[in-house]
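Our numbering numbers the first residue of the sequence shown as 12 and each following residue consecutively.
Quick reminder that beta carbons are idealized off the backbone N, C-alpha and C, glycines included.
Small disclaimer: the values here were computed from a predicted structure and weren't measured.
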Amino acid sequence: MNGIRHFSTFCALLILPTFVSAGGKSGTNGAAFLKIGAGARPAALGEAYTAVADDANAALWNPAGLARLARPEFVGTHTQWLQGGKHDALVGAYPTSVGSFAVSAVTLSYDGLEKRTGDSDTPDGTFGSLDAAYGLAYGHTVGDRLSLGVGVSYIRQTLDSVSAGAPAGTVGALWQTPISYLTLGAAVRNIGGSIQFSEEGDPLPTTAALGAAGRFMKNRLLVSAETRWVRNETVTYGGGLEASPTIYKDAVGRLRAGYRTETQDVADASGVSLGLGVAFPRWNFDVTWAPYGVLGDTFRYAFRFVF
């Protein structure tokens, strides 16, 4: 009962105020790259990862999941993003007797952007852009079933020779319910003020997520679903399936499919994502395809190593 009470209190104090502040408002968020789902596995599951969070990627989605790690691990992901963008994420996690710690770096870069002055149709040259978020995260167990986590990050955006930065925070909770196969998760990401290039800044895309994950067939089947509220945007949903059949001896296959509603306003976008992977006891490799309709397709490649 204490676990239920603590988890419910967390949701009431953090998720509901975020939902109320986001509802009924319109506006523009800054640092939009923070809404790009990092990691091949989370993206393949329709970004419904808040209640899964069982690897180093937890540092970026729900730091409470770090507390469940048994060994140090590293995850690196490269994404071929839209319009030639390159999105990369690196996370290292280290569990200790007093909790688990993680460091992370997420970047989105573009090269060869055309520079124009005034109404001229002739480019004056080219420039690049770099968005980055560098973070620290910590997760700790509270009792046998509840884990809590917190993260801090520094966000910096550079466009040609102009830069802006802002701090941000993340909090999360993960509860293994008395129902053995069911886990509930809650997190609020990108908590902070605004990022400002000129006199007026745009608010960070604060995101509140509430999710559930079920593990069946001796962890061979994972089902996840969640609801997300992003500041100044409508409520969105995501869900995913992951099957893990044995391929040969210690080799396990990963078959994933997901759906997310964030792409509903993009022409020809279905919101579907598909992923494949292979896992061994100490490492795994994953690939995810997530199309965005007329904007193009995205491909994520991730490598995870457990020390």
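| Query | Result |
| --- | --- |
| If distances are taken between C-alpha atoms only, which option among V277, G282, S255 and V283 comes closest to N295? | S255 |
| Are the segment 68-86 and the segment 239-249 touching, with three or more C-beta to C-beta distances below 8 Å? | no |
| For the beta strand (DSSP E) containing A175, list its first residue and its last residue. | V173 to Q187 |
| From the DSSP output, read off the bridge partner residues of L159. | H151 and A184 |
| Buried or exposed for E211, going by 16 or more other Cβ atoms inside 10 Å? | exposed |
| In this structure, what does DSSP give as the bridge partners for Q91? | K97 and F310 |
| Are the CB atoms of A219 and S235 nearer to each other than 7 Å? | no |
| Determine which residues share a DSSP beta bridge with T257 and list them. | V263 |
| Where G136 and Y60 are concerned, what is the direct C-alpha to C-alpha distance, given to the nearest angstrom? | 41 Å |
| Looking only at its own chain, which residues have a Cβ that is under 6 Å from the Cβ of L287, when we skip the five neighbours before and after it? | V298 |
| If we require 3 or more residues per run, which beta strand (DSSP E) segments fall completely within the segment 195-243? | 218-227 and 232-241 |
| Evaluate Y165 with the Cβ neighbour count: other Cβ atoms within 10 Å of its Cβ, from every protein chain shown; 16 or more gives buried, anything less gives exposed. | exposed |
| When you compare only the Cα positions, how much space is there between G96 and F138? | 13 Å |
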